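Engineer: Each residue of the sequence shown is one higher than the last, beginning at 263 in this note's numbering.
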Amino acid sequence: MDQKTNPDFQSLRLAREIRKWAQRHRMLPGPKVSPEVDDQLIRSVFGHVGVPAAQSVLQDRGISYVAYNEEDNTVVIITGKSPRQKDKELFYNLGLAGIPISIVGGGVGHAGRKPVDPKYDPFIWRNDFYTCGSSVYLSTEKGAGTLGYLVQDADGILYGLSANHVTGGSNYAELTLPIFAPGQLDIAAGQPQPFVIGNHYSAMPFIDGLPNIVDVSKNLDAAMFKIASTDRVSSFQRNSFDTPSTSGGLRANMEVMKLGRTSGLTRGKVIGELPDEQPIIYEIDVIGGRKVVYFEHMFVIKGTGSPDNPFAQYGDSGSLIVTATRDEEKQSVGLVIGVGENDLTLALSLDRILEYFGVSIVSGHNI
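In structure tokens form, the structure reads like this:
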């Protein structure tokens with residue numbers, strides 16, 4: 263039984279095979295490698311279009327990631343440059359073993375770039391409490407990210423949680439370093455006075471380098487800071503809803519929303535998961551440098567609103583992602599860590615983050 267008729271030939275395997283083929287032909291960013299490629303499979307994938315024509319398009323557009331959707335059993339090729347209409351038409355009706363392939367633009371994910379101007383107020387005080395979804399950043403740097411949510415440990419100590427590159431300096435922040443609310447970039451005359459919302463407490467593994475050289479399996483872009491005054495913060499997500507107390511993980515096709523410092527409330531859909539280790543490019547203001555960090559089990563989200571309202575933008579890193587299905591109870595499921603072009607958002611599952619820190623979601627705090 264070949265791949266065309268094998269019901270066990272799933273989207274994950276196909277995404278990996280296409281990615282290896284892309285690596286071999288220098289279509290992916292990163293080091294030059296030449297993995298073994300199943301040429302017969304690749305010929306079957308591109309069918310009537312032909313490998314040369316498909317390769318020409320993908321080399322011109324570049325490939326950033328190859329995602330898979332285990333719910334629909336589909337594959338999504340994410341290109342560096344936006345695909346043209348003729349490219350989309352060329353790739354229409356391609357696939358293998360009942361696994362359709364689509365092509366979308368997105369580019370490589372970046373994090374730590376200067377935030378864009380916020381669409382709404384970058385921070386919200388609600389009933390005199392500073393809310394989640396608002397601006398925070400290291401006190402020593404001029405930047406801004408998002409306070410995702412509040413958590414507590416077994417002793418009931420309260421912490422704020424965001425992306426490592428927002429409040430942990432991408433592993434370059436000293437422990438106990440003050441965290442400002444709002445971040446320095448959002449401090450302005452006539453606005454409420456900034457304050458120390460907490461102190462950097464802990465960060466997850468965040469190792470740069472190639473995955474065949476260093477162990478990146480535990481990499482997660484998240485950090486905690488100990489809340490300085492529990493009577494100044496709220497678990498409420500800006501002015502929209504309280505942080506859901508139930509938590510889980512991201513999965514393909516999930517309808518989600520987030521509240522962030524830059525773009526406020528947005529809605530989106532998880533279009534797929536990235537197999538194996540995939541990169542994000544980090545700009546690290548603490549040291550004035552750049553590094554590439556690889557992560558396993560990253561998810562790709564696209565916005566479901568208007569084209570000029572992407573799911574996340576620079577400054578939204580650290581935002582909590584919650585389920586958005588209207589007929590179900592909201593659930594906390596993910597964390598925004600990176601964005602690319604054409605409404606590309608990269609996220610990590612919340613369950614892995616909570617498990618590593620050994621903490622639980624806080625809901626109902628000063629709401």
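Even glycine gets a Cβ: it sits at the ideal position worked out from N, Cα and C.
Model, not experiment: these values are computed from the prediction.
Hey, how far is the Cα of T524 from the Cα of V378?
Structural biologist: Stepping through the sequence shown from its first residue, residue 524 is reached at position 262. Stepping through the sequence shown from its first residue, residue 378 is reached at position 116. One C-alpha to the other measures close to 7 Å.
Engineer: Using a Cβ-Cβ cutoff of less than 6 Å, which residues in the same chain neighbour R281 once the five nearest sequence positions on both sides are dropped?
Structural biologist: For this step, residue 281 is matched to residue 19 along the sequence shown. Hits under 6 Å: V328.
Engineer: Let me know the beta strand (DSSP E) ranges lying completely inside the stretch 539 to 625, each 3 residues or longer, listed in chain order.
Structural biologist: Qualifying beta strand (DSSP E) stretches, in chain order: 539 to 546, 551 to 558, 561 to 565, 582 to 585, 594 to 601 and 607 to 611.
Engineer: Round the Cβ separation of L409 and G422 to the nearest angstrom and send it over; I've been treating them as touching at under 8 Å.
Structural biologist: One-based indexing of the sequence shown puts residue 409 at position 147. One-based indexing of the sequence shown puts residue 422 at position 160. Rounded, the Cβ-Cβ distance is 5 Å, consistent with contact.
Engineer: Which word fits S241, buried or exposed, when buried means at least 16 other C-beta atoms lie within 10 angstroms of its C-beta?
Structural biologist: Outside the displayed range of the chain (263 to 629) lies residue 241, so it cannot be described from this structure.
Engineer: Report, in whole angstroms, the separation of the C-beta atoms of D547 and E403, which I expect to be a contact under 8 Å.
Structural biologist: Along the sequence shown, read from residue 1 onward, the residue named residue 547 stands at position 285. Along the sequence shown, read from residue 1 onward, the residue named residue 403 stands at position 141. Right, their Cβ atoms sit about 5 Å apart.
Engineer: If you run the structure through DSSP and keep just helix, strand and coil, what is K282?
Structural biologist: As a first step, residue 282 is located in the sequence shown; it is residue number 20 there, counting from the start. Here K282 sits in helix by DSSP.
Engineer: On the DSSP bridge list, what partners appear for T528?
Structural biologist: Position 266 of the sequence shown, counted from the start, is the residue given in the question as residue 528. Paired residues: K520.
Engineer: I need the straight-line Cα distance from D470 to R288, nearest angstrom please.
Structural biologist: The residue given as residue 470 occupies position 208 in the sequence shown. The residue given as residue 288 occupies position 26 in the sequence shown. Looking at the two C-alpha atoms, the distance is approximately 22 Å.
Engineer: Could you check the C-alpha separation between F498 and D578 for me, to the nearest Å?
Structural biologist: Counting from 1 along the sequence shown, the entry for residue 498 is found at position 236. Counting from 1 along the sequence shown, the entry for residue 578 is found at position 316. For F498 and D578, the distance between alpha carbons rounds to 17 Å.
Engineer: Compare the beta carbon distance of I543 and R552 with 9 Å and say whether it is the shorter of the two.
Structural biologist: Mapped onto the sequence shown, residue 543 falls at position 281. Mapped onto the sequence shown, residue 552 falls at position 290. Cβ atoms of I543 and R552: closer than 9 Å.
Engineer: Going by C-alpha to C-alpha distance, which of Y330, V366 and R278 sits closest to L320?
Structural biologist: Residue 320 sits at position 58 when you count from the first residue of the sequence shown. For the residues Y330, V366 and R278, the minimum Cα distance to L320 belongs to V366.
Engineer: Taking the alpha-carbon positions, what's the G430 to K592 distance?
Structural biologist: Sequence index remark: in the sequence shown, residue 430 carries index 168 (1-based). Sequence index remark: in the sequence shown, residue 592 carries index 330 (1-based). Rounded to the nearest angstrom, the two C-alpha atoms are 28 Å apart.
Engineer: Just the C-alpha distance for L352 and N461, rounded to the nearest angstrom, thanks.
Structural biologist: What you label residue 352 is simply residue 90 of the sequence shown in a count that begins at 1. What you label residue 461 is simply residue 199 of the sequence shown in a count that begins at 1. Cα-Cα distance, rounded: 53 Å.
Engineer: Is V413 closer than 9 Å to L420 when the C-beta atoms are compared?
Structural biologist: Residue 420 sits at position 158 when you count from the first residue of the sequence shown. Residue 413 sits at position 151 when you count from the first residue of the sequence shown. Cβ atoms of L420 and V413: closer than 9 Å.
Engineer: I'd like the span of the alpha helix (DSSP H) that includes V428, first residue to last.
Structural biologist: Counting from 1 along the sequence shown, the entry for residue 428 is found at position 166. N426 to T429 is the extent of the alpha helix (DSSP H) around V428.
Engineer: Roughly how many angstroms separate the alpha carbons of M516 and G567, rounded to a whole number?
Structural biologist: Counting from one through the sequence shown, the residue named residue 516 turns up at place 254. Counting from one through the sequence shown, the residue named residue 567 turns up at place 305. If I take the Cα positions, the gap works out to 15 Å.
Engineer: To the nearest whole angstrom, what separates the beta carbons of S625 and T505, a pair I think is in contact under 8 Å?
Structural biologist: Stepping through the sequence shown from its first residue, residue 625 is reached at position 363. Stepping through the sequence shown from its first residue, residue 505 is reached at position 243. Confirmed, Cβ separation roughly 5 Å.
Engineer: From I475 to Y556, what does the alpha carbon distance come to, in whole angstroms?
Structural biologist: For the purposes of this step, residue 475 is taken as the residue at position 213 of the sequence shown. For the purposes of this step, residue 556 is taken as the residue at position 294 of the sequence shown. Those two C-alpha atoms are separated by around 11 Å.
Engineer: Who are the near neighbours of V295 in its chain, counting only those whose CB is closer than 7 Å to its CB and skipping five residues on each side?
Structural biologist: In the sequence shown, the residue the question calls residue 295 occupies position 33. Q285.
Engineer: Thinking L582 and C394 are a contact (beta carbons under 8 Å), I'd like their distance in whole angstroms, please.
Structural biologist: Here residue 582 refers to the residue found at position 320 when the sequence shown is read from its first residue. Here residue 394 refers to the residue found at position 132 when the sequence shown is read from its first residue. Right, the Cβ-Cβ distance comes to about 7 Å (below 8 Å), so this counts as a contact.
Engineer: Using 8 Å as the cut-off, classify the Cβ of V338 as near or not near the heavy atoms of the ligand FMN, replying yes or no.
Structural biologist: You won't find the ligand FMN in this model; it holds no ligand whatsoever.
Engineer: Expressed to the nearest angstrom, what Euclidean distance is found between the alpha-carbon atoms of L650 and D483?
Structural biologist: One cannot answer for residue 650 here, as it falls past the ends of the chain, which runs 263 to 629.
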